[in-house]
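Trainee: This is the structure I have questions about; it appears just below.
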Amino acid sequence: MGSLGRRVHAGFILLILLFLGYVITQLVVTERLQTRHAARATRLEAARDANVAVLQHMTDAETGVRGFQLTGEDLFLDPYDKGRGGAFIALDTVAATTTDPAVLQLLKQERAAASQWLYAFATPVVNAGVADPEYPLTRRGKDLFDGIRASNAAVDAAIRADQAATTDHDRREQRLAQLLFESLGVALLGGTMLFGLWSRRTLIAPLEHIRGTLQRLASGELSARAVPAGPKELRTVIRTLNDLAAETERLHAADRARIHRTDLRQAVAVELRDTHDPALMARRIAAMIGEALGADAVHGRISADVTHGLTVSWPQEAPSLSARTVQEVLAGEPGVALTVPHIQGAIAVPIAGDANCPPGLLYVVRHERPEWSDDERRLLVTLAREIDHAVRQQRLHARQARLIGELRGLDERKDVFVSTVTHELRTPLTSILGYTEMLSDGDGGELSPLQQRGVSAILRNAHRLQATVADLLLLDKAGAAIGEHDDAGGDSAPVDLATTAATVHAEFAPVARGRDVTLTGDAAPVWVHGDARRLERALRNLFDNALKFTAAGGHVTYHVRAEGSDAVFCVTDTGIGIPEGDLPGMFTPFHRAANAMDQAVQGPGLGLAIVRTIVTEHGGTVRVQSRLDHGSTFTVTLPLTAVPSPA
Numbered sequence: 001m002g003s004l005g006r007r008v009h010a011g012f013i014l015l016i017l018l019f020l021g022y023v024i025t026q027l028v029v030t031e032r033l034q035t036r037h038a039a040r041a042t043r044l045e046a047a048r049d050a051n052v053a054v055l056q057h058m059t060d061a062e063t064g065v066r067g068f069q070l071t072g073e074d075l076f077l078d079p080y081d082k083g084r085g086g087a088f089i090a091l092d093t094v095a096a097t098t099t100d101p102a103v104l105q106l107l108k109q110e111r112a113a114a115s116q117w118l119y120a121f122a123t124p125v126v127n128a129g130v131a132d133p134e135y136p137l138t139r140r141g142k143d144l145f146d147g148i149r150a151s152n153a154a155v156d157a158a159i160r161a162d163q164a165a166t167t168d169h170d171r172r173e174q175r176l177a178q179l180l181f182e183s184l185g186v187a188l189l190g191g192t193m194l195f196g197l198w199s200r201r202t203l204i205a206p207l208e209h210i211r212g213t214l215q216r217l218a219s220g221e222l223s224a225r226a227v228p229a230g231p232k233e234l235r236t237v238i239r240t241l242n243d244l245a246a247e248t249e250r251l252h253a254a255d256r257a258r259i260h261r262t263d264l265r266q267a268v269a270v271e272l273r274d275t276h277d278p279a280l281m282a283r284r285i286a287a288m289i290g291e292a293l294g295a296d297a298v299h300g301r302i303s304a305d306v307t308h309g310l311t312v313s314w315p316q317e318a319p320s321l322s323a324r325t326v327q328e329v330l331a332g333e334p335g336v337a338l339t340v341p342h343i344q345g346a347i348a349v350p351i352a353g354d355a356n357c358p359p360g361l362l363y364v365v366r367h368e369r370p371e372w373s374d375d376e377r378r379l380l381v382t383l384a385r386e387i388d389h390a391v392r393q394q395r396l397h398a399r400q401a402r403l404i405g406e407l408r409g410l411d412e413r414k415d416v417f418v419s420t421v422t423h424e425l426r427t428p429l430t431s432i433l434g435y436t437e438m439l440s441d442g443d444g445g446e447l448s449p450l451q452q453r454g455v456s457a458i459l460r461n462a463h464r465l466q467a468t469v470a471d472l473l474l475l476d477k478a479g480a481a482i483g484e485h486d487d488a489g490g491d492s493a494p495v496d497l498a499t500t501a502a503t504v505h506a507e508f509a510p511v512a513r514g515r516d517v518t519l520t521g522d523a524a525p526v527w528v529h530g531d532a533r534r535l536e537r538a539l540r541n542l543f544d545n546a547l548k549f550t551a552a553g554g555h556v557t558y559h560v561r562a563e564g565s566d567a568v569f570c571v572t573d574t575g576i577g578i579p580e581g582d583l584p585g586m587f588t589p590f591h592r593a594a595n596a597m598d599q600a601v602q603g604p605g606l607g608l609a610i611v612r613t614i615v616t617e618h619g620g621t622v623r624v625q626s627r628l629d630h631g632s633t634f635t636v637t638l639p640l641t642a643v644p645s646p647a
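Heads up, the sequence shown is in full-length UniProt numbering, so the first residue is 1 and it goes up one at a time.
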């Protein structure tokens, strides 16, 4: 517990002890005063009663003496003896119950008067046994007894005076005690008030000040501070409160600055997306940066490419940058805020370039507040990066657009070339095939065996060339409606995919036996809607591809089944497989796997592209799974159609 707490507790304990002491003392003193007053009053009352008893006993003794004097009978001596003894006992009682010197002095006189009456009158009369009322001492005895009465009255008066004085003294003591306790009560009240004032000045006033400061802080006045006052503990609390308020104000300011920076970054990012007028966009961004940072001038230089650059200044009347300043800024590390040494309040961020674009810069100068905080530096670096990123994106988009245009031109020229070549090849190829078939059939006369082999080779390669031309024509017409006709086309109708697979299987069975490859499969009737000739061609290409890349002793299997709302055709081989890097381009025209070219497997690379074209035209998909040296699986998925009713 701190010293303030100890002082407060000590003050409360002291007040409680003083109050208890005041109450107890008042009770004890009042009780003692009352007891003393009662004791003195009782004692004086006993003294007065004893004094009355003295006169009564003396009166009894005097009456007995007079009766004896008149009658001479001893009967009257008994009151005399009792009265005489009782009177002196009563005198002793009076002497024992009073302390007033005046009373004691008068009591001596009363005792002397009683003794004189006894020894000068009563004792001689009793001893003489005289029964004569005219005894000479009778007059003297009466005078002596009157002296006793006078002394007794004087003692009674003195006792009454002592009683009155004692009563006055007790009353004064009570009044004095009352005044004393009233003074103590006033002192206790004053001490309580002083303690309350001290508590108010030391505790309540600082606490009220703290409460008011907290209310001001809660209402949003973050600059409110409490004035240190009161004891050390409260001053420590107030300093802690002020530190907390200062930290809260700092965090609030930092949060406002962060929100402001975020808003500025977002606004700049939004402006950077508006590329319709780059010059206007750059001026707006420079104005936003200058207004947000309280800058006197903002300069920027960015380049889209080697020939296209953009220079902006805000405000428009701001002086342009000197060549020296530009050189110093561009010599700095890109993306790092640096201070321009010869210009007060200037800060710049170099923007990196590349081989096709010169570097740029973002330059800001502020004369009134030349010191730049770390947050402001980071903000400028972030904005420079945003601008650099946007410029790079524009460069990338421009390059991509240029490349896309070039690729489109190449693709168009390729299409024109393929179309021209295929059409130009068909006419001479038809003549070659016609005359070669005539020679092969014997219309050209007798041919030697060597010539027959040559004609067969010409005919075989001419058919290969014819198939390649047909494939090119098919790819050239990709996307045409299924119902349209071409060299191998037909009408769209329900097709049993199992029957088509069986037909292709029968066609390739001799080829598989000739290559020592096992060809097996199973097919359940599944119906799709499409061109039977084209679907047959797609399956033929998949069978041909599987057998072509499967070595002797290998296996090629297929199956046809329905899965949900789809018809699925799969063909799996145990051939050379496809490298993982070649899988994404397997259905691209003229694409061939690297291992196929290494093993000199013949083919133009059009078969799988034709499969994808036909399957896509029928609303289906084709995919491949392969492991190098373990084989491949091609899966064709087509939408199912209702089984046609018998004609």
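For glycine and all other residues, C-beta sits at the position ideal for the given N, C-alpha and C. Just so it is clear, the structure is predicted and the values come from calculations on it, not from any experiment.
Identify, in the order they occur along the chain, each residue of the same chain with its Cβ nearer than 7 Å to the Cβ of Arg627, setting aside the five sequence neighbours on each side.
Mentor: So the qualifying residues of the chain are Gly577.
Trainee: With DSSP as the reference, label Arg561 as helix, strand or coil.
Mentor: Reduced to three states, the DSSP call for Arg561 is strand.
Trainee: Mind checking which residues open and close the alpha helix (DSSP H) that includes Val611?
Mentor: Segment 607–617, the alpha helix (DSSP H) holding Val611.
Trainee: Cutting at 7 Å between CB atoms, please list the residues of its own chain near Pro525, excluding the five before and the five after it.
Mentor: So the list reads Asp496, Ala498, once near-sequence residues are dropped.
Trainee: Which of helix, strand or coil does DSSP assign to Phe634?
Mentor: In the structure shown, Phe634 sits in a strand (DSSP, three-state: E or B).
Trainee: If I follow the unbroken beta strand (DSSP E) through Pro350, where does it start and stop?
Mentor: 346–351 is the extent of the beta strand (DSSP E) around Pro350.
Trainee: CB Ala95 to CB Met58, shorter than 8 Å?
Mentor: No.
Trainee: Which partner residues does Ala493 have in the DSSP bridge list?
Mentor: Partner(s): Gly530.
Trainee: Hey, could you find the ends of the beta strand (DSSP E) Ile343 is sitting in?
Mentor: First-last for Ile343: undefined, no H or E at that position.
Trainee: Use the C-beta contact count for Asn127: other C-beta atoms within 10 angstroms, 16 or more gives buried, fewer gives exposed.
Mentor: Counting Cβ neighbours within 10 Å, Asn127 comes out exposed, since fewer than 16 surround it.
Trainee: Tell me, please, which residues DSSP counts as bridged to Val365.
Mentor: Partner(s): Ala297, Ala346.
Trainee: Please look up how many angstroms separate the CB atoms of Ala538 and Ile614, rounded, as I've assumed it's under 8 Å.
Mentor: Between Ile614 and Ala538 the Cβ distance is about 4 Å, and since that is below 8 Å, they are a contact.
Trainee: Take Ala481 and list the residues in its own chain whose beta-carbon comes closer than 6 Å to its own, dropping the five residues that flank it on each side.
Mentor: Residue placement at Ala481 cannot be trusted, given a pLDDT of 40 that sits under 50; the coordinates are not used to answer.
Trainee: Kindly list the residues whose CB is nearer than 8 Å to the CB of Leu217, restricted to its own chain and excluding five residues on each side of it in sequence; keep chain order.
Mentor: Cβ within range, chain order: Ala224, Ala245, Thr248.
Trainee: Between the region 11–29 and the region 188–199, do at least 3 Cβ pairs fall closer than 8 Å?
Mentor: At 8 Å Cβ cutoff, the stretches touch.
Trainee: For Leu383, which residues of its own chain have a beta-carbon under 7 Å away from its beta-carbon, when the five flanking residues on both sides are left out?
Mentor: Arg265, Val268, Ile289, Leu362.
Trainee: Consider the Cβ of Leu244: report whether some Cβ of chain C lies at a distance smaller than 8 Å.
Mentor: This model lacks chain C altogether, as it is built from one protein chain only.
Trainee: Just the C-alpha distance for Glu446 and Arg612, rounded to the nearest angstrom, thanks.
Mentor: Their backbone Cα atoms lie some 46 Å apart in a straight line.
Trainee: May I have the straight-line CA-CA distance separating Gln69 from Phe145, to the nearest angstrom?
Mentor: Gln69 and Phe145: Cα-Cα distance of roughly 15 Å.
Trainee: Express the C-alpha separation of Ala642 and Ser492 in angstroms, rounding to a whole number.
Mentor: So the alpha carbons of these two residues sit roughly 14 Å apart.
Trainee: Taking Cβ to Cβ, would you say Thr430 is nearer than 8 Å to Ile458?
Mentor: Cβ distance not < 8 Å, so Thr430 and Ile458 don't count as in contact.
Trainee: List the DSSP bridge partners of Ala523.
Mentor: For Ala523, which the question treats as bridged, DSSP gives the partners Val560.
Trainee: Inspect the CB distances between the region 618–638 and the region 500–510 and report whether three or more fall short of 8 Å.
Mentor: With the cut-off at 8 Å, the region 618–638 and the region 500–510 do not touch.
Trainee: In the DSSP assignment, what are the bridge partners of Pro639?
Mentor: Paired residue(s): Asp566.
Trainee: How should Trp198 be labelled, buried or exposed, when 16 other C-beta atoms within 10 angstroms of its C-beta is the threshold for buried?
Mentor: Classification of Trp198: exposed, given that the 10 Å Cβ count is below 16.
Trainee: Helix, strand or coil: how does DSSP classify Ser373 here?
Mentor: Coil.
Trainee: Measuring CB to CB, does Asp516 end up less than 8 Å from Gly564?
Mentor: Not closer than 8 Å, so no.
Trainee: With DSSP collapsed to three states, give me the class of Val52.
Mentor: Here Val52 sits in helix by DSSP.
Trainee: When the Cβ atoms of the region 40–54 are set against those of the region 146–165, are three or more pairs found closer than 8 Å?
Mentor: Segments in contact, yes.
Trainee: Alpha carbon to alpha carbon, how far is Ala337 from Val381? Give it in angstroms, no decimals.
Mentor: One C-alpha to the other measures close to 6 Å.
Trainee: What's the gap between the Cα of Ala41 and the Cα of Ser115?
Mentor: Those two C-alpha atoms are separated by around 29 Å.
Trainee: Look up Glu85 in the DSSP assignment and give the residues it is bridged to.
Mentor: Checking the sequence, you will find Gly at residue 85 rather than Glu. DSSP, once it has assigned bridges, lists no residue as partnering Gly85.
Trainee: Taking buried to mean at least 16 other C-beta atoms within 10 Å of its own C-beta, is Thr98 buried or exposed?
Mentor: Thr98 is buried by the Cβ-count criterion.
Trainee: Hey, Ala523 and His555 are a contact pair by Cβ (cut 8 Å); roughly how many whole angstroms apart?
Mentor: Not really, about 17 Å apart at Cβ, beyond 8 Å.
Trainee: Report the residue from Leu542, Leu55, Asp100 whose alpha carbon sits nearest the alpha carbon of Gln163.
Mentor: Comparing Cα positions, the closest option is Asp100.
Trainee: Smallest Cα separation from Arg258: which of Ala165, Glu376, Gly294, Ile343?
Mentor: Out of Ala165, Glu376, Gly294, Ile343, Glu376 has the C-alpha closest to the C-alpha of Arg258.
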